[in-house]
Amino acid sequence: MKDFFWGTATSSFQIEGDITNDFTEWEELGKFKEDGSNPLYGNGSAHWSNWKEDFDLLKKLNQNSYRFSIEWARVEVVKGTYSRAAVNQYREMIDYLHELDIEPFLTLHHFSHPKWFHELTPWHKRESINSFFEFAKIIIDEFSDKINYWISFNEPVAWALAAYGEAKFPPGFNDLKLMMDAIKNMMEAHILVYDYLKVKNPNSKLGIAKHFIIFKEARNWLLDKKITSRIDIFFNKMLINSFEQNRLIYWFPTLLKYDSPIQLDNKIDFWGINYYYKIYAKFKFSLKNPIFLFPKEPATDMGWEIYPKGLKKIIKFVAATGKDILITENGIATNDEALRKKFIKKHLKIVNKMRAKYKVRGYFYWSLLDNYEWLKGKSKHFGLIKVDYDNNFKRIIKSSAFYYAKLIKKYSTL
Ligand code: BGC
Numbered sequence: 000m001k002d003f004f005w006g007t008a009t010s011s012f013q014i015e016g017d018i019t020n021d022f023t024e025w026e027e028l029g030k031f032k033e034d035g036s037n038p039l040y041g042n043g044s045a046h047w048s049n050w051k052e053d054f055d056l057l058k059k060l061n062q063n064s065y066r067f068s069i070e071w072a073r074v075e076v077v078k079g080t081y082s083r084a085a086v087n088q089y090r091e092m093i094d095y096l097h098e099l100d101i102e103p104f105l106t107l108h109h110f111s112h113p114k115w116f117h118e119l120t121p122w123h124k125r126e127s128i129n130s131f132f133e134f135a136k137i138i139i140d141e142f143s144d145k146i147n148y149w150i151s152f153n154e155p156v157a158w159a160l161a162a163y164g165e166a167k168f169p170p171g172f173n174d175l176k177l178m179m180d181a182i183k184n185m186m187e188a189h190i191l192v193y194d195y196l197k198v199k200n201p202n203s204k205l206g207i208a209k210h211f212i213i214f215k216e217a218r219n220w221l222l223d224k225k226i227t228s229r230i231d232i233f234f235n236k237m238l239i240n241s242f243e244q245n246r247l248i249y250w251f252p253t254l255l256k257y258d259s260p261i262q263l264d265n266k267i268d269f270w271g272i273n274y275y276y277k278i279y280a281k282f283k284f285s286l287k288n289p290i291f292l293f294p295k296e297p298a299t300d301m302g303w304e305i306y307p308k309g310l311k312k313i314i315k316f317v318a319a320t321g322k323d324i325l326i327t328e329n330g331i332a333t334n335d336e337a338l339r340k341k342f343i344k345k346h347l348k349i350v351n352k353m354r355a356k357y358k359v360r361g362y363f364y365w366s367l368l369d370n371y372e373w374l375k376g377k378s379k380h381f382g383l384i385k386v387d388y389d390n391n392f393k394r395i396i397k398s399s400a401f402y403y404a405k406l407i408k409k410y411s412t413l
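Be aware that the sequence shown starts at 0, since it is given in numbering that gives the first Met the number 0, and climbs by one per residue.
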């Protein structure tokens, strides 16, 4: 086993290209409404045709692991019919990672779905559990002997909020009760995946990549503090608590009251931490939405506030679960390479300190390549490698990529 996993993270839809799924469908229908723009997917970052070159770059940049996802819409275009060709290409990709001695971390669900899914078995209905499990079984049957590290869901709470609470992602609901039902069904599916995987490969590890945000009250007001704490519970704590308490519970005055049993029995081997920023919360007088969130010092092209110390707090919090920890995403959208290097340096310093104290097993920078950012399209550049979209998707290694490679070396020999 590797002493520490150093890598980058991607998701299939954001980089592969050549995909038709619920997001491309929404794009065609002009349904993405954040800032009125309709993000264009194009051919993603053309990774589906350039994967070999991209994996060679991983190796060149000293990375010993790689987090990616399988595109459900590619594997199961029609419900119940699986594409052999797609599975075969994923097999080739995984085999090549092994050839390069790069540990693959496979995510089964990273935001996107086949086009049929929301119509036939959407997440707020119980039929969704089986739909997803059928797909997961195909992938587990194929790869259980090749993949040691699995992630069932990427950011289930953040996804459900965007898709069911704020109507920003497909299927586009505005209903908090349905959102909680969707989260619950995703976790029911997680349980099935966990049990199945353990039979197929008892040594494999299954986790969830969870979004964490540092929330801070904007003012020293009781109401600001109260809503900050409620939001913090929803985003950061609710899911983790459900694994320990076998209940999915949340309430927010005037908005939502939910309490439902779920037999999770702490079936998770590691928690993935996806961490990006800190944000301030302010109470506002509105029964419909009493929350106003804003950054005090926006510093990235996403308008996010950089706060490396937050990672320390989160690791400490997650460590209390006793589970292994992987930093499954951490990164910055910018064209300023000096800023990206500073970002990486500060976060890695914390990771390195914390790994001496807690069971932190790896770090994955988001992302390997410039890619399609949800709701924003190609305008945000998180990658260590630039993708020249106007020049046949040519890969250009940024100086921050070499900087990260240098730090990997440094921290590996300490
Ligand atoms: C998601 C990624 C996304 C990144 C930056 C995470 O929430 O998992 O898919 O690109 O944040 O927004």
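Idealized CB from N, CA, C, for every residue including glycine.
- In the three-state reduction of the DSSP assignment, P260 falls in the strand class.
- F269 is classed as buried because its beta carbon has at least 16 other beta carbons within 10 Å across all chains shown.
- If you check the C-beta of F381 against ligand 1, you find a heavy atom less than 7 Å away.
- For W149, the secondary structure class from DSSP, reduced to helix, strand or coil, is strand.
- DSSP, read as helix, strand or coil, puts K385 in strand.
- For ligand 1, a non-hydrogen atom lies closer than 7 Å to the CB of Y275.
- When the five nearest sequence neighbours on each side are left out, the beta carbons in the same chain lying within less than 8 Å of the beta carbon of V156 are those of I182, K209, H210, F233, F234, M237, L238, in order along the chain.
- The alpha-carbon separation between V86 and S11 amounts to approximately 13 Å.
- Judged by DSSP secondary structure, I349 falls within the alpha helix (DSSP H) whose first and last residues are 336–356.
- Checking the DSSP bridge columns, you'll see S64 partnered with G6, E102.
- Comparing alpha carbon positions, the residue from T80, H109, I267 closest to W373 is H109.
- Membership of T299 in any alpha helix (DSSP H) is not indicated, and neither H nor E is assigned to it by DSSP.
- Residue pairing from DSSP places T80 in a beta bridge opposite V77.
- Cβ neighbours of K136 within its own chain (closer than 8 Å, five residues either side excluded): Y195.
- Contact between I18 and S64 does not hold, since their C-beta atoms are separated by about 24 Å, which reaches or exceeds 8 Å.
- Secondary structure in the region 141–187: the beta strand (DSSP E) runs of 3 residues or longer, each lying completely within the stretch, are 148–153 in chain order.
- For T327, the uninterrupted beta strand (DSSP E) run begins and ends at 323–328, by DSSP.
- The straight-line gap separating the alpha-carbon atoms of I324 and V359 is approximately 5 Å.
- Look at E372 here: in three-state DSSP terms it is strand.
- Residue environment analysis places W250 among the exposed positions, since fewer than 16 neighbouring C-beta atoms fall within 10 angstroms of its C-beta.
- Cβ-Cβ separation between P169 and W25: approximately 5 Å, consistent with a contact (criterion under 8 Å).
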